[in-house]
Structures are given as C-alpha cells and as structure tokens.
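Each residue of the sequence shown is one higher than the one before, starting from 379 at the first, in the numbering used here.
We treat Cβ as the ideally placed atom computed from N, Cα and C, and that holds for glycine.
Contents: one structure, followed by commentary.
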Amino acid sequence: MKHKIKKAFADVFGESEDLRIFFAPGRVNLIGEHTDYNGGHVFPCALTIGTYAAVRERGDRLVRMYSHHFKDAGIKECSLDNIRYQKEDGWANYPKGVMAECLGSGFSLPHGFDIVFWGNIPNGAGLSSSASIELVTAVILKECHELEADMLDLVKLAQTAENSFIGVSCGIMDQFAIGMGKKHHAILLNCGTLSFEYTKLGLSGLSIVIANTNKKRTLADSGYNTRLKECGEALCDLQKHLSVQSLGELTPSAFDAHAELIQNEVNRRRAKHAVYENHRTIEAADMFSNNQLHHIGELMRDSHLSLRDDYEVTSHELDTLAEAAWRHGGVIGSRMTGAGFGGCTVSIVKDDAVSDFIETAGARYEEKTGRKADFYTADVGAGARELKGDDDGN
Ligand code: GLA
C-alpha cells in the first residue's frame, strides 16, 4: 500500500526522496449508537481500511492537497495564514478544519505541506471516512511539527474541527475509535467521562461482516443535529425534577419511573433509546469480553429495532439488510451501524456461513430494494499513526 501511495504522490506532485506516510483507520461500531453525545457508552473498533497520506514538508506556508478518491476535484490549496471553510473545497474542508483548529488552540504550524490522500473507506457509508481524514491530518501535524499533544488531545481537536468548522455536532466516538484503536480489540468508552477499556474480541470461528446499503446517507447531518436537539430537550425536562447531567446517567428503570416528565412524545422516545441503548452496550461489551456471545444477537436486534422505532434513523434499505441477516442461520447478530439514514449494517457471522450469508442476504436485498449491497469482512486494526518500517497499515 505504501508503494501505491508513493506512486500516487509522484504522479501528482513529482518524485520525492523524503516522503512520510501516515494512516488513520475507519471504524465500525458494534453497539452503542447515538449514545455518545448523550453521555453514554459506545463499543466501536478501528478497521484496517482507512485513509493513507503521503506527505512532503514545504518551506513556505502553503498547503497543497489532493485526494485520490476525488480525482476530479484536482489539487486544493490554502495558506496556513488564511484557512476558511469553502463549500467548493468539498472533502478538503476536513483537513483544513483540523489545521484551523490546531492553530486556534495555540499550536504553532511553521510550514505547510504537499499531501496526497488515498482512502479505501467507502464514502457516506457510515464507516467514518471523515473522522479518518481528520485524524490522519492531526497526526501529520503532530509528527511533522513535533506538537506537544497526545492522542486524546488530537481526538478532541478533530471532534471540535468537525463541530465548529464543518458544522456537524457529532459526538466523540468516531475520532476516539480512530485515534485510540487497538488491533483485535474493541473499545468500551464512557463518553461522559472518557474513561475506557479495551476488550479483546475473542471471535473464534466468527467474522465481523459489514454490509453497505450503497444508499448514501441523506439528511444525515440535519437529521443528526435534530436528534441531538430532541435529546437535549428531553434532558431539560428531566432536570426540572431530577439531578442528572446526561441521559447516560440514567438506568432503564430510573428512566421508566420518570419518563412522563418528558413533555413531548417524540422526545420521550428519543431519550428512551439513548438510555436503553447505553444499557445494552455495557451488557454487550461484557459478553464480548467473556466470550458469551449467545445473548449478543438479541441485544444487536433490540438496538436496531430501537433505532428504527424510537430513534427513527434507519431506512428501508438498512431494515431490509438487517432483517435478511436475522433470517440467516449462520448469523449471531446484526444491526445498523453509525449515524444511520443509510450507510451500513454490521453482523457477527459464523466463519463457515459468511459466503452463503453474503449470497442470500445480497440477493434478498436486491430483490426488495433494487439495489446491490457490498459486503466486507472487517479486520480490526490499530489507531492513527505514522507508518514506519514494515508497518503497511494492516
Ligand atoms: C456519527 C457520529 C458519532 C455518533 C454516531 C451515532 O457517526 O459522528 O459521534 O453519534 O453517528 O452513534
């Protein structure tokens, strides 16, 4: 892969002796959806697919960027002295946002770069291609400018860039999973306190299969921000009588006892999802760590149904793929993953059933939606880093 990206760099910016290569993975969330900005738990893992970057340091303040994924967009340029969001810059606003946020936080970035990005995460699939390009940029800045920042600082910086520069009020899950990922492990992260633990995924005889609906997320950003607002309103209603800082602090029984305090029926359902999903996530992480996977299927299914009925972020395509998975005897569990509104499902499938699952679920999906799904067997990899020695990103 390094060889490929070096060649891509040479094609765009010319041969270079002193290229540095960086990588940030994509992520898949096993369970714990729309809980991060509600102060609850998430259980994501980093993937071995992600965003590579070949970087040559410059002597001046110019940044020139090219993405192999968006060849038609050509080279995007900006000066470190004048970084502004520009709609026509499309994908390049993500790395620009991280640079702007870095400067805004007081770090000094003395010189610019020529960068070629090369990603193998499908865009708009809910596998966090945007957080991946943010984190690879943050690591470039840290390593090339020797910034005194640890990975958690970079994670927070990337999240703030997405919130304030891009304008999506995302939680911290994606940036955290991508920055802090560990090979063969998922991360149980308490998004309220940022305390976390790694759980070894003892998936002996099982595979994680990601199925892409190939339905680009629509209304994702506005729908996402609306959910955030609705949960905030529900919390405000509860706070009139209860001393809680976030929905993530409530147990399901405490929620049930006080749910009537939430005035609006829609907001009540949103909050119910956040509370119950948080509880399911803690339970599921425990099962993964003890290798007791028999109950996982039920938790993943309940998660999907709650996202469909109470949180209303699934789609006909996601429901069809999840239902096709539930019908298959070789599937332990399946649910939508990521923000929803399109994107992917994640399934835990017995190794010897993977090809039959792909064939039957794919056929059923096509029959019911007229679309073709793409399937990937996910490998769980490590977090964002400079690729040194024989580290090729896998
Ligand atoms: C997106 C956001 C995350 C998280 C998920 C839903 O991926 O970026 O912060 O809220 O949606 O769980």
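Check	Outcome
Cβ-based neighbour list, Ala761, same chain, cut-off 6 Å, excluding 5 preceding and 5 following	Rather than Ala, the amino acid found at residue 761 in this sequence is Gly. So the qualifying residues of the chain are Ala424, Gly557, Met558 and Gly559.
Rounded separation between Ile461 and Ile640 - CA only	43 Å
His447 CB to nearest heavy atom of the ligand GLA below 6 Å	no
Contacting residues, own chain, Cβ-Cβ under 7 Å from Tyr576 (five flanking each side not counted)	Lys560, His563 and Ile565
Under 7 Å between C-beta atoms of Ile715 and Asn407	Looking at the sequence provided, one finds Thr at residue 715 rather than Ile. In this structure, Asn407 lies closer than 7 Å to Thr715 by Cβ.
Residue(s) in a DSSP beta bridge with Gly711	Ile726
Nearest residue (CA-CA) to Arg742, options Gly771, Ala700 and Ser483	Ala700
Per-residue DSSP class, three states only, for Cys609	helix
Local conformation of Ala564 per DSSP, three classes	strand
Straight-line Cα distance separating Pro473 from Ile493	10 Å
Met529 Cβ short of 6 Å to the ligand GLA heavy atom set	no
7 Å CB neighbourhood of Pro630 in its chain, flanking five on each side removed	Val653, Tyr654 and His657
Cα-Cα separation, Cys522 to Thr659	38 Å
Rounded separation between Lys578 and Asn668 - CA only	9 Å
Local Cβ density within 10 Å of Gly545, reported as buried at 16 or more and exposed below that	exposed
Same chain, Cβ closer than 6 Å to Asn498, five either side skipped, listed in chain order	Ile427
Rounded straight-line distance, which links the Cα of Asn590 to that of Leu487	38 Å
Range of the contiguous alpha helix (DSSP H) that encloses Met379	From DSSP, Met379 is part of no alpha helix (DSSP H); its letter is neither H nor E.
CA-to-CA distance, Tyr689 to Glu608, given in whole angstroms	10 Å
Stretch-stretch touch, CB-based, cutoff 8 Å, three pairs: the stretch 678 to 685 with the stretch 702 to 715	yes
Start-end ranges of the alpha helix (DSSP H) lying completely within the stretch 636 to 720, minimum 4 residues	643 to 667, 674 to 687 and 694 to 704
Inter-stretch contact at 8 Å, needing at least 3 Cβ pairs: the stretch 381 to 395 / the stretch 428 to 436	yes
Simplified DSSP assignment, three categories, for Phe401	strand
Collapsed DSSP secondary structure at Thr413 in the structure displayed	coil
Other residues of its chain near Val441: CB distance less than 6 Å, five sequence neighbours each side excluded	Cys456, Gly490 and Phe491
Range of the contiguous beta strand (DSSP E) that encloses Phe485	Taken as a continuous stretch (DSSP letters only), Phe485 belongs to no beta strand (DSSP E), as it is neither H nor E.
Boundaries (first-last residue) of the beta strand (DSSP E) holding Thr571	Where Thr571 is concerned, there is no enclosing beta strand (DSSP E), given that its DSSP letter is neither H nor E.
Contact under 7 Å by Cβ, Gln537 with Ile518	no
Alpha-carbon spacing of Lys766 relative to Arg398, whole angstroms	9 Å
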